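Step one of this worksheet: look at the structure below.
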Amino acid sequence: MSHLPGGGIATLHPPAPYDAFLPPPSAGPSALPQVTAALISYLPADPVRSRYLKAFRETMLLHPSFNVPHFEQRIMAVYTWAETGETTSTAAAAYGSKPMTKADLARDIFFSSAKPGSSSRANGTAVTGSGSNTPKPTLSFFSAACAAFALGALVARDDGPGGDPPAPSPSPPSSAGGGGGDASGTPAMLFALSEQSLQLFEKTAAYDLDSVIAMILQVLYMLYEGQMSVAQGVFPLVGKMVNVARMMGLAMDPDEFPGTYNLFEAETRRRVWWEVFYFDLFVADCMGQPPLIADNTHTTRLPADVEEDKFTPSCVSLPEPADGGAEPTSETSSVYFSLKCR
Numbered sequence: 001m002s003h004l005p006g007g008g009i010a011t012l013h014p015p016a017p018y019d020a021f022l023p024p025p026s027a028g029p030s031a032l033p034q035v036t037a038a039l040i041s042y043l044p045a046d047p048v049r050s051r052y053l054k055a056f057r058e059t060m061l062l063h064p065s066f067n068v069p070h071f072e073q074r075i076m077a078v079y080t081w082a083e084t085g086e087t088t089s090t091a092a093a094a095y096g097s098k099p100m101t102k103a104d105l106a107r108d109i110f111f112s113s114a115k116p117g118s119s120s121r122a123n124g125t126a127v128t129g130s131g132s133n134t135p136k137p138t139l140s141f142f143s144a145a146c147a148a149f150a151l152g153a154l155v156a157r158d159d160g161p162g163g164d165p166p167a168p169s170p171s172p173p174s175s176a177g178g179g180g181g182d183a184s185g186t187p188a189m190l191f192a193l194s195e196q197s198l199q200l201f202e203k204t205a206a207y208d209l210d211s212v213i214a215m216i217l218q219v220l221y222m223l224y225e226g227q228m229s230v231a232q233g234v235f236p237l238v239g240k241m242v243n244v245a246r247m248m249g250l251a252m253d254p255d256e257f258p259g260t261y262n263l264f265e266a267e268t269r270r271r272v273w274w275e276v277f278y279f280d281l282f283v284a285d286c287m288g289q290p291p292l293i294a295d296n297t298h299t300t301r302l303p304a305d306v307e308e309d310k311f312t313p314s315c316v317s318l319p320e321p322a323d324g325g326a327e328p329t330s331e332t333s334s335v336y337f338s339l340k341c342r
């Protein structure tokens, strides 16, 4: 236990061993850190996984900064990949009836910003090793998934009977480096794994939407946890988030670049930008500082109000509300997000 400079007490956990991020020796000595099956073993298993995801889903109703159902489908695809080494027809069913090749399906599931014809370096694609083109999850998405589990674990712990934490998931196998012990599956451990994964991603690849989503979820975790002061942890991270979002061009509306982004990605970029904008205003006000984003420095319009369950990467038009748009028809409507941004 250690006292934080801004007050409060933090429970610190050592990160996962670096070996857990490395592929088999057959990948060669120059292989970069990446998501491995051993690394996936640090994530919670059922039934704890389902409980954490349910708590995460309910929490994100107030922060619909990305399509949560699609995000959860991508998480489950990562588990499937760790078990089988490839995506399955079950994952394909979640993307509608439109036929998709395995490569297209993998792009939709694993890579938030990948586009047909783009290079692996540009879209953050990872490969299994020399001469292999098997798609893999990126470290940025793994970081976002860890942060989502950390947030869900925190909410599930506080909402549980008597406030007691749920039983942790099994410890990672010794081949993954061990180190899980009783801390495996706890909010603090999952958050530490998210930070570690994002740091490694930043050193090996260009920023993508998943990296910004990971930062958003880390901010939500720290605000919900309440142990770390806003000045010590949240304020610096929001500043970084703003600069990364600007560097990625999120401050400019996707429609200004015809043919660059599909409909789903364009709406995701709008949602992510406005969530960054919201946190910039919110945290700056808490700190008594001016926000970093001025009103006349961005052109990104507000995202559309859609039913998230019906809006997938295969959509070529926005789904029409069942009631003609008079009122949100389900809890997954993003109308609250639009109101918050205004």
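Using UniProt numbering, you'd call the opening residue of the sequence shown number 1 and step up by one each time. Just so you know, even glycine gets a beta-carbon here, dropped at the ideal spot from N, CA and C. Since this is a predicted model, take the numbers as computed values, not measurements.
Whole angstroms are fine: how far does the CA of residue j sit from the CA of residue i?
i: residue 141; j: residue 288; result: 33 Å
i: residue 190; j: residue 52; result: 11 Å
i: residue 279; j: residue 241; result: 9 Å
i: residue 204; j: residue 139; result: 9 Å
i: residue 248; j: residue 216; result: 15 Å
i: residue 185; j: residue 43; result: 7 Å
i: residue 79; j: residue 47; result: 14 Å
i: residue 290; j: residue 16; result: 38 Å
i: residue 202; j: residue 143; result: 11 Å
i: residue 148; j: residue 72; result: 10 Å
i: residue 58; j: residue 218; result: 17 Å
i: residue 258; j: residue 277; result: 24 Å
i: residue 70; j: residue 312; result: 7 Å
i: residue 24; j: residue 38; result: 11 Å
i: residue 28; j: residue 75; result: 28 Å
i: residue 18; j: residue 31; result: 13 Å
i: residue 243; j: residue 196; result: 20 Å
i: residue 207; j: residue 256; result: 21 Å
i: residue 295; j: residue 49; result: 40 Å
i: residue 84; j: residue 236; result: 39 Å
Please tell me whether residue i and residue j are closer than 8 Å, where the distance is taken between their beta carbons.
i: residue 252; j: residue 297; result: no
i: residue 151; j: residue 56; result: yes
i: residue 212; j: residue 283; result: no
i: residue 261; j: residue 154; result: no
i: residue 214; j: residue 198; result: yes
i: residue 254; j: residue 266; result: yes
i: residue 315; j: residue 263; result: yes
i: residue 63; j: residue 308; result: no
i: residue 250; j: residue 273; result: yes
i: residue 137; j: residue 35; result: yes
i: residue 146; j: residue 193; result: yes
Note down, in chain order, each residue of its chain lying with its Cβ closer than 8 Å to the Cβ of residue i, except the 5 sequence neighbours on either side.
i: residue 60; result: 68
i: residue 159; result: 55
List the DSSP bridge partners of residue i.
i: residue 267; result: DSSP lists no partner for residue 267.
Using a Cβ-Cβ cutoff of less than 6 Å, which residues in the same chain neighbour residue i once the five nearest sequence positions on both sides are dropped?
i: residue 318; result: 304, 306
i: residue 233; result: 222
i: residue 285; result: none
i: residue 310; result: 319
Rounded C-beta distance between residue i and residue j? I'm assuming under 8 Å.
i: residue 268; j: residue 21; result: Not a contact, Cβ separation roughly 26 Å.
i: residue 40; j: residue 77; result: Wrong, their Cβ atoms sit about 11 Å apart, outside the cutoff.
Could you name the residues of the same chain whose beta carbon sits closer than 7 Å to that of residue i, not counting the 5 residues immediately before and after it, in chain order?
i: residue 200; result: 21, 33, 139
Please indicate yes or no: does the CB of residue i lie closer than 7 Å to some heavy atom of the ligand COA?
i: residue 291; result: Although the ligand COA was asked about, the structure shown includes no ligands whatsoever.
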